[in-house]
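Engineer: Pasting in a structure now, in C-alpha cells, and then I'll have a few things to ask.
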Amino acid sequence: MGNAFQKTSGRYTLTAISLHWASAVLIASAFALGAYMITLAFSPFKLQLFSYHKWVGVTVFLLALIRLGWRSFNAPPPLPEKMPSWEHAAARASHWVLYALMLAVPLTGWLMSSAHGFQTVFLGVFPIPDLVGKDKALAERLELVHFAMNKALLAAIAVHVMAALKHHFIDRDDVLRRMLGLRTLAGALLLIAMLPDVAASIPITKEDSRIDFISRQMGVPIKGGFGEFDADVNFDPADPRRSSASITIYLESIDAGSDEATVEIKRKPWFHTANFPRAEFRSRTLTETGPGRYVVNGTMSIKGREKEVSAPFTAKKAGESWVFEGRFVLKRLDFGIGEGAWSDTGTVADEVELLFMFKAPAGKKR
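Position 183 (the sequence shown) corresponds to 183 in our numbering; numbering is contiguous.
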C-alpha cells in the first residue's frame with residue numbers, strides 16, 4: 001500500500017530539484033578535492049583540504065537523508081509509459097543504489113577518519129562523535145573500503161548521466177528536462193542577486209604574518225613562536241558583529257627559544273604534539289571598542305581542552321591589505337600544558353601571552 005501522505009505530479013518539486021543539483025555539485029566537489037589532495041605532500045594546505053573534503057562529505061550525507069525524507073512524502077513523477085518494464089525496474093534500482101552510496105561513502109569516510117584518530121569537526125564548529133576508536137589496522141582497511149565505495153559511486157553516477165542523456169537525445173522524452181529546473185535556476189539567480197552583501201572569508205598572507213608567544217621562567221620573559229599556522233579572517237569594518245576569524249596553529253612547528261626547550265615542550269607533559277598536533281581558535285563574537293580597536297571572543301582548543309578566551313586587537317588598512325595585531329593571555333594550566341613537576345608556577349609562570357600579527361588582502365563583498 002502506498003503512503004497515504006505521498007503527493008505525485010508530472011514534474012519534480014522545487015525542493016527535489018534544488019536538493020538534486022546541490023548534491024550533484026557537492027559530490028563533484030568531493031571527488032575533485034579527494035583526487036587532488038592525495039597527490040600533495042603533507043602540509044597545512046593538505047590538512048585544510050582534508051577538512052573541506054570531510055565537511056562536503058557530511059553535507060552530502062545529510063542531504064541524502066533529507067532527500068529520502070522528502071521523497072517519502074513527495075513521490076517523484078512517473079516515468080514515461082512507453083518505457084519497457086525492465087527499464088522501469090533498472091531506473092528504480094539505480095536510484096536506490098545511488099542513495100545507498102551517497103550514505104555509504106561519507107559513512108566509510110567518517111569511520112576511516114575516526115580510526116585514524118582525527119575527529120571530524122563539521123565546518124570547524126560542530127564536533128561529530130567518533131564512531132570507532134583509534135586503530136591503525138582498521139583505518140587501513142577502511143581506506144580500501146572508502147576508495148572502493150567512491151569508485152562504485154562514480155560508476156553509478158556515470159550510468160545515471162548516460163541514462164538521462166539517452167532519454168533526452170534518443171528517446172526524446174521529458175525525463176531530463178523536468179529535472180533541469182530552468183525556472184528553478186532563474187529563481188535561484190534572482191535570490192542570489194537579492195542577498196545582502198557579506199564579507200568574504202579571506203586567508204591570511206602567511207609570509208607577512210606571524211604568531212609568537214612570551215612565557216616567563218623565574219620571572220624572565222622568554223620569547224618563542226610558531227612557524228606553521230593558518231588563519232581565515234572575515235572582517236567587515238562597517239558592521240564588526242558580522243565578522244569572524246579562525247586560527248589553526250601546528251604545534252610541531254614550535255620554537256621555544258632553545259633546542260633543548262623546543263624538544264621538551266613537544267613532549268607529553270607539555271603540548272604532547274604526537275597526540276595533539278594542533279591548537280585552534282574559533283571566534284564567536286567581535287566587538288568594536290574604539291576607532292580601529294576591537295575585541296574578539298571565542299573558543300581556544302589546546303590538548304583536547306576548550307576554554308573561552310578573548311583578545312584585544314587593532315585593525316589597520318595598509319594599501320590593499322588589512323593588518324591585524326593583538327594578543328591572547330592564556331593560562332597554560334587550563335589546557336594541561338606543563339604537567340607534573342612543570343605545574344609549579346614558581347618556575348614557569350601560568351600566564352602566557354600569545355601574540356599575533358596577520359596580514360590579509362582587503363576582502364571584497366559578495
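Ideal placement from N, C-alpha and C gives every residue a C-beta, glycine not left out.
Under a Cβ-count criterion, where at least 16 other Cβ atoms within 10 Å of its own Cβ denotes burial, should residue 102 be classed as buried or exposed?
Structural biologist: Position 102 of the sequence shown, counted from the first residue, corresponds to residue 102. Burial call: buried.
Engineer: Could you tell me which whole alpha helix (DSSP H) segments of length 4 or greater appear in the region 255-324?
Structural biologist: Fully enclosed alpha helix (DSSP H) runs of 4 or longer: 259-265.
Engineer: Touching or not, the region 81-93 and the region 133-141, by the rule of three or more beta carbon pairs under 8 Å?
Structural biologist: No, they do not touch.
Engineer: What three-state label does DSSP hand residue 35 in the structure shown?
Structural biologist: Against the sequence shown, residue 35 aligns to sequence position 35. Three-state DSSP puts residue 35 in a helix.
Engineer: For residue 315, which of 341, 339, 356 has the nearest alpha-carbon?
Structural biologist: Here residue 315 corresponds to residue number 315 of the sequence shown, with the count starting at 1. Comparing Cα positions, the closest option is 356.
Engineer: Does the beta-carbon distance from residue 338 to residue 348 come in below 7 Å?
Structural biologist: As a first step, residue 338 must be located in the sequence shown, where it is residue number 338. As a first step, residue 348 must be located in the sequence shown, where it is residue number 348. Yes, the pair counts as a contact, with Cβ atoms nearer than the cut-off.
Engineer: Between the region 268-282 and the region 206-223, do at least 3 Cβ pairs fall closer than 8 Å?
Structural biologist: Touching, no.
Engineer: Three or more C-beta pairs closer than 8 Å, one from the region 54-63 and one from the region 100-119: is that the case here?
Structural biologist: The region 54-63 vs the region 100-119: in contact.
Engineer: For residue 195, which residues in the same chain have their Cβ closer than 7 Å to its Cβ, ignoring the five residues on either side in sequence?
Structural biologist: Mapped onto the sequence shown, residue 195 falls at position 195. With a pLDDT of 47 at residue 195, under the threshold of 50, the modelled position of this residue cannot be trusted; read the value that follows with caution. Excluding sequence neighbours, residue 195 sits near nothing in its chain.
Engineer: Can at least three beta-carbon pairs, one atom from the region 284-298 and one from the region 308-323, be found at a separation below 8 Å?
Structural biologist: Yes, the region 284-298 touches the region 308-323.
Engineer: How is the beta strand (DSSP E) around residue 119 delimited, first residue to last?
Structural biologist: Taking the sequence shown and counting its residues from 1, one reaches residue 119 at position 119. Premise fails: residue 119 is in no beta strand (DSSP E) and is neither H nor E.
Engineer: Whole angstroms are fine: how far does the CA of residue 288 sit from the CA of residue 115?
Structural biologist: Numbered from its first residue, the sequence shown carries residue 115 at position 115. Numbered from its first residue, the sequence shown carries residue 288 at position 288. One C-alpha to the other measures close to 43 Å.
Engineer: Between which two residues does the beta strand (DSSP E) carrying residue 345 extend?
Structural biologist: The count along the sequence shown starts at 1 and reaches residue 345 at position 345. First-last for residue 345: undefined, no H or E at that position.
Engineer: In whole angstroms, what separates the C-alpha of residue 284 from that of residue 330?
Structural biologist: As a first step, residue 284 must be located in the sequence shown, where it is residue number 284. As a first step, residue 330 must be located in the sequence shown, where it is residue number 330. Near 17 Å, if we compare the C-alpha coordinates of residue 330 and residue 284.
Engineer: Does DSSP put residue 6 in a helix, a strand or coil?
Structural biologist: Within the sequence shown, residue 6 is the residue found at index 6, counting from 1. Its pLDDT being 40, under 50, residue 6 is placed unreliably in this model, and the value from its coordinates should be taken loosely. If DSSP states are grouped into helix, strand and coil, residue 6 belongs with coil.
Engineer: Pull the bridge partners of residue 359 from the DSSP assignment, please.
Structural biologist: The residue you call residue 359 lines up with position 359 of the sequence shown. Residue 359 pairs with 323.
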